[in-house]
Structures are given as C-alpha cells and as structure tokens.
Amino acid sequence: MPELPEVETVRRGLTQLVAGSQIKKVDVIYEKMINLPKKPFEDALREKTIEAVDRRGKYLFIRISGGLTIVSHLRMEGKYDVEPEGAPIGKHTHVIFHLADGRQLRYNDTRKFGRMNLVHTGDEMSVAGLRNIGPEPTERDLTVDYMQTIFAKSKKMIKPFLLDQSKIAGLGNIYADEVLWLSKIHPEQPVNLLTLDEIKRLRMNIITEIQKAIAGHGTTVHSYSNAYGEAGSFQNHLNVYGRTNKPCLRCGTPIVKIKLAQRGTHFCPQCQVIHGEENE
DNA sequence: AGTTTTCCCTGCCCGC
DNA sequence: TGCGGGCAGGGAAAAC
Numbered sequence: 000m001p002e003l004p005e006v007e008t009v010r011r012g013l014t015q016l017v018a019g020s021q022i023k024k025v026d027v028i029y030e031k032m033i034n035l036p037k038k039p040f041e042d043a044l045r046e047k048t049i050e051a052v053d054r055r056g057k058y059l060f061i062r063i064s065g066g067l068t069i070v071s072h073l074r075m076e077g078k079y080d081v082e083p084e085g086a087p088i089g090k091h092t093h094v095i096f097h098l099a100d101g102r103q104l105r106y107n108d109t110r111k112f113g114r115m116n117l118v119h120t121g122d123e124m125s126v127a128g129l130r131n132i133g134p135e136p137t138e139r140d141l142t143v144d145y146m147q148t149i150f151a152k153s154k155k156m157i158k159p160f161l162l163d164q165s166k167i168a169g170l171g172n173i174y175a176d177e178v179l180w181l182s183k184i185h186p187e188q189p190v191n192l193l194t195l196d197e198i199k200r201l202r203m204n205i206i207t208e209i210q211k212a213i214a215g216h217g218t219t220v221h222s223y224s225n226a227y228g229e230a231g232s233f234q235n236h237l238n239v240y241g242r243t244n245k246p247c248l249r250c251g252t253p254i255v256k257i258k259l260a261q262r263g264t265h266f267c268p269q270c271q272v273i274h275g276e277e278n279e
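Residue numbers for the first sequence follow numbering that gives the first Met the number 0, beginning at 0 and rising by one.
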C-alpha cells in the first residue's frame, strides 16, 4: 500500500518516464475514478503536455500544460505503468493516457480505491484531503514546537493520530507501526501524555524512517510496484509490521496484533508500554 | 467541533 | 471443486 515513500518513488519514476511527453488523448474506463464526467475530463487533456510531477503527502500532482493539474491518489493499490500501445489491457486498467510517441501511461488499480481530480493549478485545496493536510515529515517542516502543540491538544491514541493526514502528511499503517516500535511507544498511548523526550524521539524516527524508505524505493506489501514495475526493497527492513507472533527483534517477546480504529496494529507488549504523565 | 463508524472495492484465504 | 464469509486498508462521508 503506497505511503509517502512509495508515492515519492512513483513521482520520480513518472518524471523520468513521461515528463515532457505529449498526451494525444485520454480514455477513462472507470468513471468513478475521476472527479468530472468522462467527456470533459478527456477533452481537457487532449493534446496537452505532461510538464512535471510533484507530490504533497501521498498525493501526486501531475502538471499539465495550460494550467491544469491532475491530483492523483493511489490509495491502496493504484499504480502507473508505461506500456507500448499494443500491450493487452488488463481488467484493472481504469484510465489510459495515449502519448504522442506511441507509448501509453496506464492507471491500474485492483480495488478501484484510487482517485484522480482534474483541477486548475493552484486550486489543489479544492480536493478534500488537501484542504487541511499536515506538514511533510521532514526535518524542516515537522518541527518539535508544532508536534508539542498538536500533541498537547488531543487525547487520541497515538496510532490513529499518526494516520490522520491533517496532523502529519504521508504516514500510513505500515510506517505508523514501525515508527512507534522504533520509538518504544505503545499504539494506544494518549498523545497528550507523551513526554517531550518521547515526542522528540518519535519525530526523529518519523523523519529518518521516511528518508530511508525513500532511499530504498519504498516498501512492498501486496501488489505494490513502482512505475518501472520494480518492487520496492524496504519490506526487508520492517521490524514489526506483519510480524504477528514472531519474536520482537529487540527483546524476543512475541509481537501482538490488535485492531485500532479499524486498522491492524502490530506492537511489542514488552518494549511498548502505555504510561501516564507521572511515568518516565 | 472533535471523534468514531461506515463505506467503497476486489483478491485472497479459510472452512465446510 | 465451489461457495460463502471474513479480512485487508486510505480516506471521505455520515453518524455520533
């Protein structure tokens, strides 16, 4: 499932493969994927050029000549593939961009969860999830001050809190479990009771983990692959996600899996313990 | 207003 | 073998 590092990997892949390419025409096969009716969406993109591909959180911004942007969210299993025009079209192909050089950029998505919003460049906030999206998980944007402020204001459990894109952009279920394990914080810990030390530790783990995952071209779980069709390599580095009943890599205690806010959540009951403000 | 639940989808895995 | 049921999950919308 693409989280920020996977989306960044796709962004780089698309930049290399299709930036500068002209779109001859577009075929929308699955209409619910897009924010406009099929015809105006296709017509607006005919004969335009893909100028660049940017990213914000897990959203891709495909910049189109004439002041347009396709805001693309891959959700669970969305992916872009570049194929020659004769290649057989799979049953999960929902949008096809016919490029002037004969190649096709195809959007594939087995679960049909992904979405494409065609907007005027600059109007990206008209897409619901971008209106109040949180800072990028970087040294520069995710400051200790900011984290302290938002953590003090909420009694929510840290795991669902980390998945809330309006708090911090880009973390998904895998990285949320990973950074909590690395930081030795229990997923049900209320965020307002975290110590400053824990907040700082969590912050650094978020920043460095995302960085490392980008360097490793993203995690691969299920069917994810990048625009080159390569699988990411970061799955080899997962410490806790998907390791239910396997020994914790720090202390050997079996990893426990619970459900929090409808999300599978993995943690070590020995290393990650809930505490009140009186503790540590 | 903040938080929790439901729903969208399909493939896969399990049990019968 | 085939079928039903349950599960997986990001995020928007609906319900609390």
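Backbone N, C-alpha and C define an ideal beta-carbon position, used for all residues, glycine too.
Computed from a prediction, not measured in an experiment: that's the story for all the values here.
| query | result |
| --- | --- |
| Segment limits, alpha helix (DSSP H) that includes residue 51 | Run containing residue 51: none in the alpha helix (DSSP H); it sits in the beta strand (DSSP E), 49 to 55. |
| Outcome for residue 250 when other beta-carbon atoms lying within 10 angstroms are tallied against a minimum of 16 | exposed |
| Residue 189 - partner residues in DSSP beta bridges | 156 |
| Span separating the alpha-carbon of residue 153 from that of residue 213 | 30 Å |
| Residue 264 versus residue 170 - alpha carbon distance | 14 Å |
| Beta strand (DSSP E) runs wholly inside the stretch 59 to 112, at least 3 long, in chain order | 67 to 72, 78 to 83, 92 to 98, 102 to 107 |
| Identified DSSP bridge partners for residue 1 | DSSP, once it has assigned bridges, lists no residue as partnering residue 1. |
| Alpha-carbon to alpha-carbon, residue 196 and residue 133 | 22 Å |
| Same chain, Cβ closer than 7 Å to residue 273, neighbours up to 5 away in sequence not counted | 185, 187, 188 |
| Under 8 Å between C-beta atoms of residue 102 and residue 81 | yes |
| Beta-carbon spacing of residue 150, residue 198 below 8 Å | yes |
| Nearest residue (CA-CA) to residue 245, options 266, 258, 261 | 266 |
| CB contact flag (residue 143, residue 200, <8 Å) | no |
| Cβ pair residue 135, residue 168 closer than 8 Å | yes |
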